[in-house]
Every structure is written in C-alpha cells, then in structure tokens.
Amino acid sequence: MNVFVTGAAGFIGGSIATGLVKAGHQVTGLVRSAEQAAELTALGIKPVVGSLDDSALLSEQARAADAVINAASSDHRGAVEVLLAALKGSNKPFLHTSGSSIVGDASGGKASDTVYYEDQLPEPTVDKAARVAIDNLILAAAKDGVNSAVLCNTLIYGHSLGVKRDSVQLPRLLKQARKSGVVRHVGPGQNIWSNVHIEDVVALYALALTGNTPGSFYFVESGEASFIDMTRAMARALHLGEPEDWPLPAAEAEWGYEMANYGLGSNSRVRGKKARELLGWAPQRTSVLEWIEHEMV
Numbered sequence: 001m002n003v004f005v006t007g008a009a010g011f012i013g014g015s016i017a018t019g020l021v022k023a024g025h026q027v028t029g030l031v032r033s034a035e036q037a038a039e040l041t042a043l044g045i046k047p048v049v050g051s052l053d054d055s056a057l058l059s060e061q062a063r064a065a066d067a068v069i070n071a072a073s074s075d076h077r078g079a080v081e082v083l084l085a086a087l088k089g090s091n092k093p094f095l096h097t098s099g100s101s102i103v104g105d106a107s108g109g110k111a112s113d114t115v116y117y118e119d120q121l122p123e124p125t126v127d128k129a130a131r132v133a134i135d136n137l138i139l140a141a142a143k144d145g146v147n148s149a150v151l152c153n154t155l156i157y158g159h160s161l162g163v164k165r166d167s168v169q170l171p172r173l174l175k176q177a178r179k180s181g182v183v184r185h186v187g188p189g190q191n192i193w194s195n196v197h198i199e200d201v202v203a204l205y206a207l208a209l210t211g212n213t214p215g216s217f218y219f220v221e222s223g224e225a226s227f228i229d230m231t232r233a234m235a236r237a238l239h240l241g242e243p244e245d246w247p248l249p250a251a252e253a254e255w256g257y258e259m260a261n262y263g264l265g266s267n268s269r270v271r272g273k274k275a276r277e278l279l280g281w282a283p284q285r286t287s288v289l290e291w292i293e294h295e296m297v
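Each residue of the sequence shown is one higher than the one before, counting from 1 in full-length UniProt numbering.
Structure, rendered in structure tokens:
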C-alpha cells in the first residue's frame, strides 16, 4: 500500500513508518524540516515537508495515498477535519492516534481500582473533552465512506524503530533522575497505567491497515504497572537509591501541568479486546518492568 503518515519524525509515527517500509509498503511521511526529511529518506521513507496547518498539502497527500495514518497529534482537530474531508467516500483506511489519558483521573499518584473497556468509556474530563470529541468525529466518519479507526495507545515503552526520538512518559522520569540523582514519581506513585511496547504498537497499526472494521475504537495495551514499580525498576537500572515521592506542585514545575497530572500522576487502566479478537493482534513484549531494568538505560 501507499501510506501517508503524519508525524513521521516523531516517536510513534517514525516507528510506524519505518515498520511499514520494512513490511514492503510505500510510505510518505510528513515532517517539519529539511533535516528531518533527510533522516526519513535514509530510512526509505519519502518525506514531505509541511505541518498540520497546511490544509492543501494534507488533502493532496490523503487523496494520493491508499491509506492515511495520523500520528502527529491527538488534539489537532483542523488537520483531522481536512483529512476526513479528503477521504470522504473513498473507503480508504484512516488510522488516528489517540491516547489513554482520555480516561486519566489526575489522582496525584494515588491508586484506583477502576478499569475501562472499549465499549464502556466514561464521560471525558474537561481537560480531555476536546480530544474525545476528535475521536468521536473520526469514528462517525465511517458513515461517510471512510474506513476510520481510533487507536488509543497507553503508556508506550521501548526504543524508536526509526528516528532517534524517545517516547513521552518514562524518558521524563529518567531525565529527572539523571539530573538529580534521585528517581521520583508523582505523589506516592501508586497510580497504575496500562502499557505497550512500541514494536507491538507498530504491529497493530499494520494489521489495522488491512483488517479494520470502519468506525472501530481500539485500546492498545499489553499489561499494566504502577509508577512506583516502574521507578523502582529504574532505580535498580541506574544503581540509585529507593525512589522518592514528589509533591504534585514540584512535579508540575518539572514537567508541566498536563504531564504531571495526566501523563505521570494519573491512573489509566484499560483493557483492549478488539485488537486481539478482530485483528488477531498478539503482543510479544509484555513486561515494562523488565524493559526498564534491562534495556531502557
């Protein structure tokens, strides 16, 4: 297939694009600079320089491709609207990358027993309402002849398959630990996140390209872990002392409101059945703790 991937210089998009090239697909990747374009060319990806605000470029590329994967932003509604309009009536696959912070509770590092399922989603928080509205817009596009899907990723770990770019959450903990000599988590660190290895994420996107049922929502997860267990594994890997609790204001000062409250201080516990049952997805890497301790550093 000829696949257009936005965010092709990012961690998720770059990994997906590289994986698809290795699988024999032709991939065109949206990047923001000539330097990034050169990196993609070296990986066998055809670069297109632009941004999510370049409506004409997005439309042109979407119409020329056999499928579109949006991995640049979960929150750019304008780009989604342009891509959906270009794909309307084509029955082409449109895979959109969302994130499971849409069910995050901003608990300040406290634990929760609540687990969410793909057909039992809660009302979104005020902070996440706009992202959920975009997800719903994409799912509804199935009625307009778009083979749409929302892939709602959990905490992604592992090293990039293509471009040199870290994932979002764990590398921030690692950077702070190396800077200060102390591994820290938000509050008591009892909060739990579902998680998935980047190689398994790439495998799922490849399956969804050819096997998706229009209007499908997939949670992308292969296990879960509490942050205190993950920071303990990180402390062992770095040969540092026991991780320490960090008050939320200090965490916000280091990582910002969004990351401290939702990315690192919330619970996001989900179960993804559809990818396994409908697409035959079988994750191969299922222990984030082993990866942190033996491969992350």
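Think of the CB as a built atom: it goes at the ideal place given N, C-alpha and C, for glycine as much as any other residue.
Please read all numbers here as calculations on a predicted model, not as lab measurements.
Cβ-heavy atom distance, residue i to the ligand PLP, below 7 Å
i: His239; result: With respect to the ligand PLP, the structure offers nothing, as it holds no ligand at all.
Straight-line Cα distance separating residue j from residue i
i: Ala141; j: Arg77; result: 14 Å
i: Lys46; j: Ile16; result: 14 Å
i: Thr154; j: Ala203; result: 15 Å
i: Gly187; j: Thr18; result: 37 Å
i: Met234; j: Leu209; result: 35 Å
i: Ile292; j: Val132; result: 30 Å
i: Arg172; j: Ala72; result: 19 Å
i: Ser59; j: Gly109; result: 42 Å
i: Ile40; j: Val163; result: First, the residue type needs correcting, since residue 40 is Leu and not Ile in the sequence shown. When rounded, the distance between both Cα atoms is 8 Å.
i: Lys143; j: Gly181; result: 53 Å
i: Ala237; j: Glu199; result: 22 Å
i: Asn91; j: Leu264; result: 38 Å
i: Gly89; j: Arg165; result: 35 Å
i: Arg63; j: Arg178; result: 46 Å
i: Ser107; j: Asn261; result: 7 Å
i: Gln120; j: His159; result: 32 Å
i: Val21; j: Asn212; result: 20 Å
i: Val103; j: Pro122; result: 7 Å
i: Val82; j: Leu248; result: 38 Å
i: residue 300; j: Asp66; result: A question about residue 300 goes unanswered here, because the residues of the chain that appear run from 1 up to 297.
i: Glu290; j: His197; result: 12 Å
i: Asp54; j: Asn70; result: 14 Å
i: Tyr257; j: Ser268; result: 17 Å
i: Ile192; j: Thr114; result: 10 Å
i: residue 337; j: Val3; result: Absent from the model: residue 337. The displayed extent of the chain is 1 to 297, so no value can be given.
i: Ala37; j: Gly7; result: 12 Å
i: Ala253; j: Gly44; result: 40 Å
i: Lys128; j: Asp105; result: 10 Å
i: Gly189; j: His96; result: 30 Å
Cutoff 8 Å; reference residue i; Cβ partners in own chain excluding five residues on either side
i: Ala23; result: Ala206
i: residue 305; result: Within the shown structure, residues of the chain are numbered from 1 to 297, placing residue 305 beyond reach of any answer.
i: Leu84; result: Phe94, Leu137, Ile138, Ala141, Asp144, Val146, Ser148
i: Arg32; result: Ala9, Val49, Gly50, Ser51
i: Arg276; result: Ala282
i: Met296; result: Tyr157, Leu170, Leu174, Met234, Ala237
i: Ser112; result: Asp105, Asn191, Ile192, Asn267, Arg269
As assigned by DSSP and simplified to three states, the class of residue i
i: Ser33; result: coil
i: Gly13; result: helix
i: Val115; result: coil
i: Ala23; result: coil
i: Gly104; result: coil
i: Val297; result: coil
i: Thr41; result: helix
i: Leu204; result: helix
i: Thr18; result: helix
i: Leu161; result: coil
i: Thr28; result: strand
Range covered by the beta strand (DSSP E) that runs through residue i
i: Arg184; result: 184–186
i: Val49; result: 46–49
i: Ala67; result: 67–70
i: Leu289; result: Leu289 -> not in any beta strand (DSSP E); alpha helix (DSSP H) instead, spanning 288–291.
Cutoff 6 Å; reference residue i; Cβ partners in own chain excluding five residues on either side
i: Ser98; result: Ser74, Asp135, Val150, Cys152
i: Leu240; result: Val183
i: Leu57; result: Gly50
i: Met1; result: His25, Asp66, Ala67
i: Gly13; result: Val5, Gly7, Ala71
i: Phe227; result: His185, Gly189, Asn191
i: Tyr116; result: Val103, Val270
Boundaries (first-last residue) of the alpha helix (DSSP H) holding residue i
i: Pro124; result: Counting along the chain, Pro124 falls outside any alpha helix (DSSP H), and DSSP gives it neither H nor E.
i: Ala8; result: Run containing Ala8: none; DSSP gives neither H nor E here.
i: Pro171; result: 170–180
i: Ser194; result: No alpha helix (DSSP H) contains Ser194, which is instead part of the beta strand (DSSP E) from 192–197.
i: Asn136; result: 129–140
i: residue 299; result: Residue 299 is absent from the model: the chain starts at 1 and stops at 297.
Cut-off 7 Å between Cβ atoms - residues of its own chain near residue i, not counting five sequence neighbours on either side
i: Leu87; result: Ala62, Val68, Phe94, Val146
i: Val288; result: Tyr157, Asn195, Gly223, Ala225, Met230
i: Gly272; result: Glu118, Tyr218, Phe219, Val220, Glu221
Complete runs of the beta strand (DSSP E) confined to the segment 210–280 [at least 3 residues]: 216–220, 223–226, 244–246
In chain order, which continuous runs of the alpha helix (DSSP H) of length 4 or greater are located wholly inside the segment 53–98? 55–64, 77–87
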